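Our numbering puts the sequence shown at residues 11 to 188. Glycine included, every Cβ here is placed at the ideal spot set by N, Cα and C. In this text the structure is predicted, and so the values were computed from the model without any measurement. Only one structure is covered here, and it is reproduced in the block below.
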Amino acid sequence: MKNKTVTIFGSSKPVAGEPEYEAAYLLGKLLAEKNLSVCSGGYQGIMDAVSKGAAERGAEAIGVTVDIFNAVPSKHLTKEIECRTLCERIDKLISLGDAYIVLDGGTGTLVELSIVWEYFNKNLNPRKPFACVGNMWNEIITVMEKRIFDEGRATGLIKNFADVELCADYIIGELNSK
């Protein structure tokens, strides 16, 4: 049986020592300690941090990269998958995940969150554990959940947690129950 993989989306901006980076690093460690692989966009910031945390605990750290960014992949990746386009990269990140975690990020992270949510909302992909961490997502989730409810679609497809420990516990519990 293959290890399950958690795809993590988040900003490329945080650096070691900053709270967002350290939280992602801890998340990578927590998931790895439960024999879960991690998958990310494969570059710096949150992607580097989660890969570092997982790799240091002996887990697979997959990076899905695309050369349009002219960026150097994280040195903590145990496997790199190169894509030709941004859309191909997002599709690969989604297809590799048995669960998804969204950390703080910008418009790219918002797009990734939106695509996963849309696939679940329209039953285009099987529903999988899906969670966000942090206050930045509260308002977006609240507004969208109301709209989705008004449309008569399934709500509660995404959970939001205050910290990575609570989020990791949820994801681990959900994956262990499947």
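Review point. Out of Lys169, Tyr31, Asn133, which has the shortest C-alpha to C-alpha gap to Ile150?
Key: Considering only alpha carbons, the answer is Lys169.
Exercise for review: Confirm, please, whether the CB-CB distance from Leu185 to Ala65 is below 8 Å.
Suggested key: no
Practice item. For Met11, I'd like the list of residues in its chain whose CB is within less than 7 Å of its CB, leaving aside the five on either flank, ordered along the chain. Key: For Met11, the predicted model reports a pLDDT of 42, less than 50, meaning its position is unreliable and no value from the coordinates is stated.
Check your understanding: Do Leu113 and Ile18 come within 8 Å of each other at the CB atom, strictly closer than that value?
Key -> Leu113 is positioned such that its CB atom lies closer than 8 Å to that of Ile18.
Point to revise | Paired residues, beta bridge with Ile91 - DSSP | key: Val74
**Study point:** Exposed unless 16 or more other CB atoms sit within 10 angstroms - verdict on Gly162
**Key:** exposed
Check your understanding: Quick one, which of Glu98, Thr88, Ala71 has its alpha-carbon nearest Asp77's?
Key -> Glu98
Review point. Taking the alpha carbon of Asp173 as the point to measure from, which residue in Gly144, Asn133, Leu41 has its own alpha carbon closest?
Key: Gly144
Review point. By a C-beta neighbour count over all protein chains shown, 10 Å radius and 16 as the cutoff for buried, is Ala164 buried or exposed?
Key: Its Cβ having fewer than 16 others within 10 Å, Ala164 is exposed.
**Study point:** For Met11, the three-state DSSP class (helix, strand or coil)
**Key:** In this prediction, Met11 scores a pLDDT of 42, lower than 50, which makes its location untrustworthy; the coordinate-derived value is nonetheless stated afterwards. It is coil, neither helix nor strand.
Check your understanding: Closest to Trp205 by CA distance: which of Asp58, Ser187, Gly115 is it?
Key -> It is not possible to answer for residue 205, since the shown part of the chain is limited to 11 through 188.
Check your understanding: Given that a residue counts as buried once 16 or more other Cβ atoms are within 10 Å of its Cβ, and exposed if not, what is Val60?
Key -> Residue environment for Val60: buried (at least 16 other C-beta atoms within 10 angstroms of its C-beta).
Check your understanding: Does the count of Cβ pairs from the stretch 75-91 and the stretch 125-145 closer than 8 Å reach three?
Key -> By the Cβ test, the stretch 75-91 is not in contact with the stretch 125-145, since fewer than three Cβ pairs between them sit closer than 8 Å.
Review point. Which class does Thr17 belong to by DSSP, given the choice of helix, strand or coil?
Key: strand
Check your understanding: Would you report the Cα separation of Ser187 and Met154, rounded to the nearest angstrom?
Key -> 27 Å
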